[in-house]
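Report on the structure given below.
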Amino acid sequence: METQHLDESHDESYFASFTDMLVGIIFIFIILLMIVANDFKTAADSVTKLNESRDKILKEIKNSLDDLGVQVAIDTEQGVLRLPESILFGVNEFELNNNGEENIKKLAGVLAKYLPCISVSNDESKKQSCESLNLASKDGLDAVFIEGHTDSTGSSEHNWLLSAQRAISVFKQITLAEPFLNEGIKNTIGVPVLNVSGYQARRPADPSQPNNHALNRRIELRFIMRSPTPKDVERLKNAIGK
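FYI, in my numbering the residues of the sequence shown are 44 to 285.
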């Protein structure tokens, strides 16, 4: 009986120790999970801050162009500034018409004012007009793609060429009007942000209206923000007192 009692006591002690160990492991797991969740939220907040800065700049650009009489639209969800063909080119032409040249000159002036606010500039004086915007991110711009888009009429080969040539024409006019925008605006790794691309008819402005040819013939400036860096996360933690 005494031996049985000792065995039962040993078993109870073993299970008590095992239970304590499991509780400890679960506790550690919960702590680690909370840390990961907090870091994820902080990173997600950093992405939000980057996009909020982009959206604010897009709205400022549109408002300035509206004041200058240049018809544009923005899509803050996609980070896009949209210019219709009608204010830039003749049908099936890739060279800017006279009206298009004037409109792109105005666009270039506005870009020269606002792009330094969210990028790395080799002329810090260009950022002086940015202070009043209270941007959460001041160097988050990774790239601006000048995109050419056509409708689906005509041959695929022609539309590929036309979309690319139109994007190049806009790039040339922007950098001719404001040479600073060619090499003076860079991302955090020192790469110029302005780029060109042509998409033919593969990316309609509204996928639900692929046959809306006038809407699809356009130039878009797509603002791409970089991924948050550890420095972004640290700045955000400091800002919220963590």
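Ideal placement from N, C-alpha and C gives every residue a C-beta, glycine not left out.
Burial state of residue i (16 or more Cβ within 10 Å)
i: Pro222; result: exposed
i: Gly191; result: buried
i: Glu174; result: exposed
i: Glu263; result: buried
i: Val236; result: buried
i: Gly233; result: exposed
i: Ile69; result: exposed
i: Val134; result: exposed
i: Ser270; result: exposed
Residue i: first and last residue of the uninterrupted alpha helix (DSSP H) it sits in
i: Ile147; result: Asn141 to Tyr157
i: Ala179; result: That residue, Ala179, is in no alpha helix (DSSP H); it is neither H nor E in DSSP.
i: Leu258; result: His256 to Asn259
Within 8 Å, strictly: CB atoms of residue i and residue j
i: Ile117; j: Leu124; result: yes
i: Ser218; j: Asn225; result: At residue 218 the sequence reads Thr, which differs from the Ser that was named. In this structure, Asn225 lies closer than 8 Å to Thr218 by Cβ.
i: Met268; j: Leu101; result: no
i: Arg209; j: Phe137; result: yes
i: Asp194; j: Ser162; result: no
i: Asn141; j: Ile130; result: no
i: Arg265; j: Val187; result: yes
i: Glu95; j: Leu176; result: no
i: Lys149; j: Ser172; result: no
i: Lys99; j: Leu205; result: no
i: Leu108; j: Val153; result: yes
Same chain, Cβ closer than 7 Å to residue i, five either side skipped, listed in chain order
i: Glu144; result: Gln216
i: Trp203; result: Gly241 and Gln243
i: His229; result: Looking at the sequence itself, residue 229 is Lys, so the reference to His does not match. For Lys229, where only same-chain residues beyond five positions count, the Cβ hits under 7 Å are Ser162, Val163, Pro235 and Val236.
Close-in-space but distant-in-sequence residues of the same chain around residue i (CB under 6 Å, 5 per side omitted)
i: Lys169; result: Pro159
i: Ile211; result: Val239
i: Pro127; result: Arg261
i: Phe214; result: Ile189 and Val239
i: Asn294; result: This structure cannot settle anything about residue 294, because the visible part of the chain is limited to 44 through 285.
i: Leu258; result: Ala248
i: Ala220; result: Lys148 and Ala151
Where the beta strand (DSSP E) through residue i begins and ends
i: Asp118; result: Ala116 to Asp118
i: Arg125; result: Val123 to Pro127
Beta-carbon contacts of residue i that lie in its chain and below 8 Å, excluding the five residues immediately before and after
i: Asp166; result: Pro159, Phe223 and Gly227
What runs of the alpha helix (DSSP H), each 4 residues or longer, lie entirely inside the stretch 182-248?
199-220 and 223-226
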